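Top line first, the protein sequences correspond to chains A and B.
Sequence positions in the first sequence follow the numbering used here and run 358 to 584.
Sequence positions in the second sequence follow the numbering used here and run 101 to 312.
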Amino acid sequence: MSSLSYRQTFALVLKRDLTIAFRHKDEMLNPLLFFIIVVTLFPLGIGPQANTLAKIAPGIIWVSALLATLLSLDRLFKADHNDGSLEQMLISPQPLFIFTLAKITAHWLLTGLPLILVAPILAALLYLPEQSYSALFLTLLLGTPVLSFIGAIGAALTVGVKKGGVLLSLIVLPLYIPVLIFATSAIDTASLNLPYNGQLAIIAALFFGSLTLAPFAVGAALKVSTN
Amino acid sequence: MSNSSPLVQAEHLTCVREDRILFDQLSFAINAGDIVQVEGPNGAGKTSLLRLLAGLSQPYEGSISYIGKPIVQYAERYHQDLLYLGHMPGVKAELSAQENLAFNLAMAGGDSSLAEDTLAKVNLLGFEDVTASHLSAGQHRRIALARLWQSNAKVWILDEPFTAIDKQGVTALEKLFVEHAQNGGCVILTTHQDLALPENMVKKITLAYRLF
Numbered sequence: 358m359s360s361l362s363y364r365q366t367f368a369l370v371l372k373r374d375l376t377i378a379f380r381h382k383d384e385m386l387n388p389l390l391f392f393i394i395v396v397t398l399f400p401l402g403i404g405p406q407a408n409t410l411a412k413i414a415p416g417i418i419w420v421s422a423l424l425a426t427l428l429s430l431d432r433l434f435k436a437d438h439n440d441g442s443l444e445q446m447l448i449s450p451q452p453l454f455i456f457t458l459a460k461i462t463a464h465w466l467l468t469g470l471p472l473i474l475v476a477p478i479l480a481a482l483l484y485l486p487e488q489s490y491s492a493l494f495l496t497l498l499l500g501t502p503v504l505s506f507i508g509a510i511g512a513a514l515t516v517g518v519k520k521g522g523v524l525l526s527l528i529v530l531p532l533y534i535p536v537l538i539f540a541t542s543a544i545d546t547a548s549l550n551l552p553y554n555g556q557l558a559i560i561a562a563l564f565f566g567s568l569t570l571a572p573f574a575v576g577a578a579l580k581v582s583t584n
Numbered sequence: 101m102s103n104s105s106p107l108v109q110a111e112h113l114t115c116v117r118e119d120r121i122l123f124d125q126l127s128f129a130i131n132a133g134d135i136v137q138v139e140g141p142n143g144a145g146k147t148s149l150l151r152l153l154a155g156l157s158q159p160y161e162g163s164i165s166y167i168g169k170p171i172v173q174y175a176e177r178y179h180q181d182l183l184y185l186g187h188m189p190g191v192k193a194e195l196s197a198q199e200n201l202a203f204n205l206a207m208a209g210g211d212s213s214l215a216e217d218t219l220a221k222v223n224l225l226g227f228e229d230v231t232a233s234h235l236s237a238g239q240h241r242r243i244a245l246a247r248l249w250q251s252n253a254k255v256w257i258l259d260e261p262f263t264a265i266d267k268q269g270v271t272a273l274e275k276l277f278v279e280h281a282q283n284g285g286c287v288i289l290t291t292h293q294d295l296a297l298p299e300n301m302v303k304k305i306t307l308a309y310r311l312f
């Protein structure tokens, strides 16, 4: 009997999660549709004035991205918890952080990445100034994984709770605020043709911090909430 | 086994759930070759005991050791030798029978290409490519149990393995348990059915329902 390498374990879990998601297309598309609908509703509610929309565009896109991610978090560990796969993960000889890292990566590929891909089109609808596009792209690229990582901690803590949705929002939303503030500030700064490296560096720090620490925190949280 | 210490040993286990003591100062030793049936009425703590033994939850008091080593400190070593099936079979409804089993085998470090042949052993040949959501409860459990045929784990902990399994299936499983025990493994299971196994092989742990 050969023992699995970390890379093989990661690939196996990632592949399984993606396969499952692609067979459940409605659930997979839900956050993306939510994102598109919310962003397109704003011009209808506020009116089509270009300067007003351009001013609030970064905020709209980022708040919608944040809520869309939140919408998808509840399912992250729920199905595994209900059908017993989570127990199998917990007693696997492979370290738990490999599993959680793979599951969070799958979550980002299914929710974060599609948001990044449609964001430029929605930004055009909101008259976002041309010079802000690269800032929008970079903040989303570094910021959405942070949303997945931090959200996973909340999802892991509430996995044993029957109706954990409200609790999950209460735990996770305050932790999302730093990302929101620095991301929108970076896009605003870019629209004035000023350097936004500072904000980007802080989001990058949040990204690497959560990438290295969150998988362990999620593992510990899963152990606690299934005990 | 040259080692004289028992395979799994529990000492002074106390389990508390929702302010109720399920069992108190429970001690036992399970040796290679044992088939242990945990008995007791509903709510007596059978599943809780199995979860403790699998290392999924921590006892309120007491300790569990595997070949003389506490399972908390040596979790990785213990989990390599452990196969636990909880009362939820851990089968993904979106995946086919074969994909489910192949994943489980690969995770245990086995050969996932054996999945198809193994499904034949649990009478699921012909259902390999059917998504599990279209299969019955008994077939779900068979997918989960199919792993036993390819398992090298020494300790099998099975929570209600016979639920929704037909008579033939139960007989096949019992035969497998005896083989496993004779090969130096041990089986710990809960079931409300009487096992048709030789008396000298089966040990029983009986839990009583306690009000407080």
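Backbone N, C-alpha and C fix where the C-beta goes; we use that ideal spot for every residue, glycine too.
It should be emphasised that the depicted structure is a prediction, and the values quoted were computed from it without experimental measurement.
Under 7 Å Cβ-Cβ, which residues of chain B neighbour residue i?
i	result
A:N584	S157, Q158
A:H381	E194
A:S449	H179, M207
A:S442	G190, K192
A:R364	The contacting residues do not exist; A:R364 stays about 13 Å from chain B at best.
Comparing alpha-carbon positions, which option in the options lies nearest residue i?
i	options	result
A:V396	A:A543, A:L524, A:F506, A:Y484	A:Y484
B:G285	B:L122, B:S105, B:D134, B:Q109	B:D134
A:S421	A:M446, A:R364, A:G469, A:Q451	A:G469
A:V370	A:A407, A:G508, A:K460	A:K460
B:L235	B:H292, B:S196, B:S165	B:S196
B:H292	B:L122, B:N142, B:P106, B:L113	B:N142
A:P477	A:T457, A:L458, A:L498	A:L498
A:S582	A:T569, A:P471, A:L479, A:E444	A:E444
A:K435	A:K520, A:A481, A:P400	A:K520
B:N283	B:S163, B:N131, B:A232	B:N131
B:A208	B:E228, B:R177, B:A237, B:E260	B:R177
B:A193	B:A144, B:L153, B:V230	B:V230
B:L107	B:N300, B:A206, B:F123, B:Y166	B:Y166
B:E260	B:L295, B:A281, B:S233, B:A232	B:L295
A:T496	A:T515, A:A481, A:L472	A:L472
So residue i is in the alpha helix (DSSP H); what residue range does that whole segment cover?
i	result
B:K267	267-282
B:Q180	175-180
A:R364	363-379
A:V395	382-403
B:A132	Element bounds for B:A132: n/a, residue is neither H nor E.
B:R151	146-154
A:Q445	442-447
A:I510	490-514
A:D545	522-548
A:L467	No alpha helix (DSSP H) holds A:L467; DSSP gives it neither H nor E.
B:D217	215-221
B:M207	197-207
Quick one: measure Cβ to Cβ for residue i and residue j, integer angstroms, because I've assumed they're closer than 8 Å.
i	j	result
B:L289	B:L258	4 Å
B:E139	B:I265	In fact, because the Cβ distance is near 19 Å, the residues do not count as touching under 8 Å.
B:Q137	B:V302	6 Å
A:L557	A:A543	6 Å
A:L467	A:A571	Contact doesn't hold; Cβ gap of about 17 Å is too wide.
B:Q180	B:T218	At roughly 20 Å, the Cβ-Cβ gap does not stay under 8 Å, so B:Q180 and B:T218 are not in contact.
A:A513	A:L375	Contact flag wrong, Cβ pair sits at about 20 Å.
A:L458	A:F367	7 Å
A:G517	A:V529	About 16 Å separates the two Cβ atoms, so there is no contact after all.
A:I448	B:A154	6 Å
For the beta strand (DSSP E) holding residue i, just list the boundary residues, first then last.
i	result
B:G162	161-166
A:W419	Run containing A:W419: none in the beta strand (DSSP E); it sits in the alpha helix (DSSP H), 407-430.
B:I63	The requested residue 63 of chain B is not part of the displayed model; chain B covers only 101 to 312.
B:I88	Nothing about residue 88 of chain B can be reported from this structure: the residues present for chain B run from 101 to 312 only.
B:Q109	108-117
B:D294	Neither: B:D294 is in no beta strand (DSSP E) and is coded neither H nor E.
B:V255	255-259
Can you name the residues of chain B whose CB is closer than 9 Å to the CB of residue i?
i	result
A:S429	By Cβ distance, chain B contributes nothing, its closest Cβ being about 16 Å from A:S429, past 9 Å.
Run through chain A and tell me which residues come within less than 9 Å of residue i, C-beta to C-beta.
i	result
B:E176	P450, Q451, P452
B:L182	I448, P450
B:V116	Chain A residues near B:V116: none, gap ~12 Å exceeds 9 Å.
Could you list which residues in chain B have their beta carbon closer than 8 Å to that of residue i, in chain order?
i	result
A:T376	E194, L195, E199
A:L369	F203, A206, M207
A:L361	A206, M207, G209
A:R432	Ordered by position in chain B, no residue passes the 8 Å Cβ test against A:R432, which lies about 12 Å from the chain.
Would you mind telling me which residues of chain A sit closer than 8 Å to residue i, beta carbon to beta carbon, in chain order?
i	result
B:F227	Correct list: empty, because the minimum Cβ distance to chain A is about 17 Å.
Please list, in chain order, the chain A residues whose beta carbon lies closer than 7 Å to that of residue i.
i	result
B:G186	G441, E444
B:A154	I448
Using 9 Å as the limit for Cβ to Cβ distance, is residue i near chain E?
i	result
B:T231	The structure shown contains no chain E; its protein chains are A and B.
Give a yes or no on contact between the region 411-426 of chain A and the region 180-190 of chain B, applying the rule of three or more CB pairs nearer than 8 Å. no
Do the region 242-253 of chain B and the region 219-226 of chain B make contact, defined as three or more Cβ pairs closer than 8 Å? yes
Would you be able to state if there are at least three C-beta pairs under 8 Å between the region 530-546 of chain A and the region 403-422 of chain A? yes
When the Cβ atoms of the region 399-413 of chain A are set against those of the region 473-489 of chain A, are three or more pairs found closer than 8 Å? yes
Say whether the region 542-552 of chain A touches the region 489-497 of chain A, bearing in mind that this needs 3 or more beta-carbon pairs closer than 8 Å, one atom from each stretch. yes
If you pair each beta-carbon of the region 554-567 of chain A with each one of the region 499-514 of chain A, do three or more pairs fall below 8 Å? yes
For the region 200-208 of chain B and the region 271-279 of chain B, state whether three or more C-beta atom pairs, one from each stretch, are separated by less than 8 Å. no
Examine the Cβ distances between the region 114-122 of chain B and the region 159-177 of chain B and report whether three or more of them are shorter than 8 Å. yes
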